[in-house]
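Student: Could you have a look at this structure, given as structure tokens, before my questions?
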Amino acid sequence: MWMYEKRLQYPVKITTTNPEMAQLIISQFGGPDGELAASQRYLSQRYSVGNRKIAGVLTDIGTEEMAHMEMVCAIIHQLTRDLTPEQIACSPFETYYVDHTTGLYPVAASGTPFTATYFQSKGDIITDLHEDLAAEQKARTTYDNLLRLIKDPEVCDPLRFLREREIVHYQRFGESLRMIQEELDSKNFYAFNPDFDIKKCK
Ligand SMILES: [Fe+2]
510 MWMYEKRLQY PVKITTTNPE MAQLIISQFG GPDGELAASQ RYLSQRYSVG NRKIAGVLTD
570 IGTEEMAHME MVCAIIHQLT RDLTPEQIAC SPFETYYVDH TTGLYPVAAS GTPFTATYFQ
630 SKGDIITDLH EDLAAEQKAR TTYDNLLRLI KDPEVCDPLR FLREREIVHY QRFGESLRMI
690 QEELDSKNFY AFNPDFDIKK CK
């Protein structure tokens, strides 16, 4: 179960309305490398991991990704809550506004709605950790792209925090991959055995 703490992991205090920025940043809510996909990826993968330490890493990071999703939603909300009709008209946010007003709905910057096909849960920890390492780098690249396009310091500050956490997650998944490879090497996991039972490796 989860306990909800009524505060953000890192403060978001944006004073200037900007629908163009919101239209870009929403990708880190419902886009292919966004925080919603990240949280669901790790919190789904953790069940089939025999190694309890790595299952714990997936739970910790999956939980933190939910807190990141909350931060991204707070950024979008603060960028759009005081929109005027003039700011909506002719902005890239206009089409989103028609469908969702200023409600939070998980879509990519391109407008594609969130889909579970953005992540995989394969039931094989080596496979899943490789996906997780790639996912963290893709999320980091997306934050890099946003930081190249966005200049408002009140928006860049929380985006920089989120970018740094992707790097920390990448490092923790790297440690997990080394840990499981050492464990499997010690059991001669890679020797071909047609009768091999994967459950014995858990
Ligand atoms: Fe992450």
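Letter by letter, the sequence shown follows residues 510 to 711 of my numbering.
Glycine is no exception: its CB is placed at the ideal position from the N, C-alpha and C atoms.
1. Which of helix, strand or coil does DSSP assign to Val558?
2. Should Glu675 be listed as close to ligand 1, given that the test is whether its C-beta is under 6 Å from any heavy atom?
3. Compute the Euclidean distance between the alpha carbons of Arg669 and Glu529, then round it to the nearest angstrom.
4. Return yes when at least one heavy atom of ligand 1 lies under 6 Å from the C-beta of Glu645, else no.
5. Over the uninterrupted alpha helix (DSSP H) stretch that includes Cys599, give me the two end residues.
6. Which value, in whole angstroms, describes the spacing of the CA atoms of Gly620 and Ser695?
7. Measure the C-alpha to C-alpha separation of Tyr627 and Ala644 and round it to an integer number of angstroms.
8. Beta carbon of Leu545, beta carbon of Phe602: below 7 Å?
9. Could you check if Ala576 belongs to the surroundings of ligand 1, using beta carbon to heavy atom distance under 6 Å?
10. Is Pro622 helix, strand or coil by DSSP?
11. Would you check if the distance between the CB atom of Pro667 and the CB atom of Tyr519 is smaller than 7 Å?
12. Skipping 5 residues on each side, what residues in its chain have a beta carbon closer than 6 Å to that of Leu567?
13. Is the beta carbon of Val521 sitting closer than 7 Å to the one on Ile584?
14. Going by the C-beta, is His639 closer than 6 Å to any heavy atom of ligand 1?
15. Kindly indicate which three-state DSSP category Val677 falls into: helix, strand or coil?
16. Determine the closest residue to Pro541 out of Glu579, Arg590, Asn560, Tyr652, with distance taken between C-alpha atoms.
17. Going by alpha carbons, who is nearest to Gln596 out of Asp608, Ile689, Thr525, Arg687?
18. Look at the alpha carbon of Gln587 and the alpha carbon of Leu517, and state the distance between them as a whole number of angstroms.
19. Closest to Ile676 by CA distance: which of Ile570, Thr610, Arg649 is it?
Tutor: If we stick to the structure as given:
1. coil
2. yes
3. 19 Å
4. yes
5. Per DSSP, Cys599 belongs to no alpha helix (DSSP H) and is neither H nor E.
6. 48 Å
7. 10 Å
8. no
9. no
10. strand
11. yes
12. Tyr551, Gln554, Arg555
13. yes
14. no
15. helix
16. Tyr652
17. Thr525
18. 13 Å
19. Arg649
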